[in-house]
Amino acid sequence: MTTLAPVQRLRLLRELERKVLWLSAWTIHHANHLRPNRDGLKVGGHQASCASLATVMSALYFSVLRPEDRVAVKPHASPVFHAIQYLFGNQTQEKLERFRALGGAQSYPSRTKDVDDVDFSTGSVGLGVAMTLFSSLVQDYVRLKNLGDGERPTGRMVALVGDAELDEGNIFEALLEGWKHDVRNLWWVIDYNRQSLDGVVNDRLFGRIGEMFELVGWRVVTLKYGKLLEAAYAQPDGEQLRQWIDACPNSLYSALVFKGGAGWREALTRDLNQYPGIRRILEQHDDEALHRLMTNLAGNDMEAALDGSEGGQHTVRPAPPP
1 MTTLAPVQRL
11 RLLRELERKV
21 LWLSAWTIHH
31 ANHLRPNRDG
41 LKVGGHQASC
51 ASLATVMSAL
61 YFSVLRPEDR
71 VAVKPHASPV
81 FHAIQYLFGN
91 QTQEKLERFR
101 ALGGAQSYPS
111 RTKDVDDVDF
121 STGSVGLGVA
131 MTLFSSLVQD
141 YVRLKNLGDG
151 ERPTGRMVAL
161 VGDAELDEGN
171 IFEALLEGWK
181 HDVRNLWWVI
191 DYNRQSLDGV
201 VNDRLFGRIG
211 EMFELVGWRV
221 VTLKYGKLLE
231 AAYAQPDGEQ
241 LRQWIDACPN
251 SLYSALVFKG
261 GAGWREALTR
271 DLNQYPGIRR
281 ILEQHDDEAL
291 HRLMTNLAGN
301 DMEAALDGSE
311 GGQHTVRPAP
321 PP
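Position 315 (the sequence shown) corresponds to 315 in my numbering; numbering is contiguous.
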C-alpha cells in the first residue's frame with residue numbers, strides 16, 4: 001500500500017471534501033429546481049446544514065474511520081452521507097437524482113430504505129445519537145460475556161450531532177446511563193452551527209454544552225479555529241483578534257460573513273485599530289484574503305478537523321472517571 005506524504009494527503013482530502021460539498025448541494029438543488037415537479041411544491045433539503053458537516057464527514061470517512069466503526073449521521077446531513085457513499089461506489093446517480101422521492105436516496109439516513117451502508121437510522125431527531133451510546137454498551141456486554149466469535153475488533157460508535165438535537169431529552173438520559181456503566185469507545189461530534197429550524201441557538205451555549213458533558217465524565221475537545229486563524233493569533237497583538245472573535249455575537253459574525261472582506265476590514269479597523277499588530281494583519285491581507293482568514297473556523301478546515309479527530313484515535317472511553 002502506498003503511503004502518501006502529509007502534504008499530498010491533505011491536498012487529496014481537500015479535493016474530496018470539495019466534491020462532497022458540491023455533490024450534496026447539487027443533490028438538494030436538483031430535487032427542488034431541476035427535477036420535474038407537477039404540483040410546484042418545494043421538495044426541501046438542508047444545504048447549510050450539509051455544508052457545516054462536509055469537512056468533518058470527509059475527514060472521518062476518507063481518513064479516520066475503520067471498518068469496525070459505526071456512525072449515526074445527523075438527519076439533515078443525509079445528502080453529505082449519500083455523496084460520500086457515491087464516491088465510494090455504494091450509491092448511484094439515479095438515486096441521488098431521486099433524492100426525497102419514491103425509491104431515491106432518503107431525506108434522512110435509513111437502514112431499510114437506503115441502498116448505501118447506513119449504520120443507524122436517524123430520521124427521528126436525537127434517537128440516533130443515544131443509539132450509539134447504547135450500542136457501545138452492548139458491544140462491551142457481548143465481549144464481556146463471550147457471546148461473539150472473539151475475532152471481531154472493537155469498533156468506535158460515532159454520532160454526528162446537530163446542536164439543535166441537544167434539545168431532545170433522551171440524549172441527556174442516555175448520557176447519565178453512559179456514566180453509570182462506564183461507556184467507552186464513543187465519540188459524539190457536536191456540529192455547533194448555531195442554527196435550528198425552530199430559531200437561532202443561544203450565543204455562548206457551547207460553554208454550557210461542554211460543562212454538561214464534563215459533568216458525566218466525558219473528555220471534551222473544542223475545535224473552533226482553523227489553521228489560518230491560529231497563525232494570525234501567533235502574530236503580535238494576535239490575542240486581541242482572538243478575544244474580538246470570541247466576544248463577537250453570532251448575529252454580527254453572520255452579517256460580516258455576508259458583507260465579505262470590506263465588512264471585516266471596517267469592523268476590525270473600528271474596534272482594534274489601536275493595536276499595531278492588527279493594523280499589520282489588515283495590511284497583509286486584501287479583502288478576499290481577509291474574508292478567508294476571518295471565516296477560517298475549525299469545522300470547515302480540513303487540517304484542523306483531522307487534528308481533532310485523529311487525536312482521539314486510540315482512546316477507549318470519552319473521559320477518565322470523574
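Ideal placement from N, C-alpha and C gives every residue a C-beta, glycine not left out. Here the structure is a predicted model, which means the values were calculated and not measured.
- Straight-line spacing of the CA atoms in S136 and N193 works out to 27 Å.
- The beta carbon of G226 sits closer than 8 Å to the beta carbons of N296, L297, A298, N300, D301, E303, A304 from its chain, once the five residues preceding and following it are set aside; these are given in chain order.
- The criterion of a C-beta distance shorter than 8 Å is satisfied by G308 and V221.
- Its chain contains L13, L306 as the residues whose beta carbon lies nearer than 7 Å to that of S63, once the 5 sequence neighbours on both sides are disregarded; these appear in chain order.
- The residue from H82, G178, A25, Q8 with its alpha-carbon nearest to that of L133 is G178.
- Distance from E173 to V129 at the Cβ level is roughly 11 Å; contact not present, criterion being Cβ atoms closer than 8 Å.
- Within the region 169-224, the complete alpha helix (DSSP H) segments at least 4 residues long are 169-180, 205-215, listed from N- to C-terminus.
- Per DSSP, the beta-bridge partners of A72 are A159.
- Membership of V125 in any alpha helix (DSSP H) is not indicated, and neither H nor E is assigned to it by DSSP.
- Boundaries of the alpha helix (DSSP H) around R292: 287-294.
- The region 63-116 is shown to contain whole alpha helix (DSSP H) runs of 4 or more residues at 78-88, 93-97, in chain order.
- Using a Cβ distance threshold of 8 Å, Y275 and Q240 count as a contacting pair.
- A72 sits close to D119, with the two beta carbons spaced by under 8 Å.
- With a 10 Å radius around the Cβ and a threshold of 16 neighbouring Cβ atoms, A247 comes out exposed.
- Within 10 angstroms of the beta-carbon of N90 lie fewer than 16 other beta-carbons, which makes it exposed.
- Looking only at D140, S52, V158, I28, the smallest Cα-Cα distance to K224 is reached by S52.
- In this structure, DSSP gives L4 a state outside helix and strand, which the three-state scheme calls coil.
- Between A83 and L160, the CB-CB gap reaches or exceeds 8 Å.
- Annotated as proximal: A31 and F99, with beta-carbon spacing under 8 Å.
- For the 8 Å CB-CB criterion, S121 and S78 do not form a contact.
- For G44, there is no enclosing alpha helix (DSSP H), as DSSP marks it with neither H nor E.
- For Y61, there is no enclosing alpha helix (DSSP H), as DSSP marks it with neither H nor E.
- Residue range 276-284 is occupied by the alpha helix (DSSP H) that includes P276.
- Going by beta carbons, R265 and D287 fall inside the 8 Å limit.
- By the criterion of a C-beta distance shorter than 6 Å, M57 is surrounded in its chain by V80, once the five residues flanking it on both sides are discounted.
- In terms of Cα proximity to L205, the closest of N185, D191, R143 is D191.
- In this structure, M157 and L127 do not form a Cβ contact; the two beta carbons are roughly 14 Å apart against a cut-off of 8 Å.
- Ranked by how close their Cα comes to the Cα of D182, the residues H291, H46, G217, A255 have G217 in first place.
- In the structure shown, the three-state DSSP call for L297 is strand.
- For Q235, the secondary structure class from DSSP, reduced to helix, strand or coil, is coil.
- For W244, the closest alpha carbon among the candidates G45, L268, Y86 is that of L268.
- Classified as exposed, P67 has fewer than 16 neighbouring CB atoms from the shown chains inside 10 Å of its CB.
- Taking all protein chains shown into account, D116 has 16 or more neighbouring C-beta atoms within 10 Å of its C-beta and is therefore buried.
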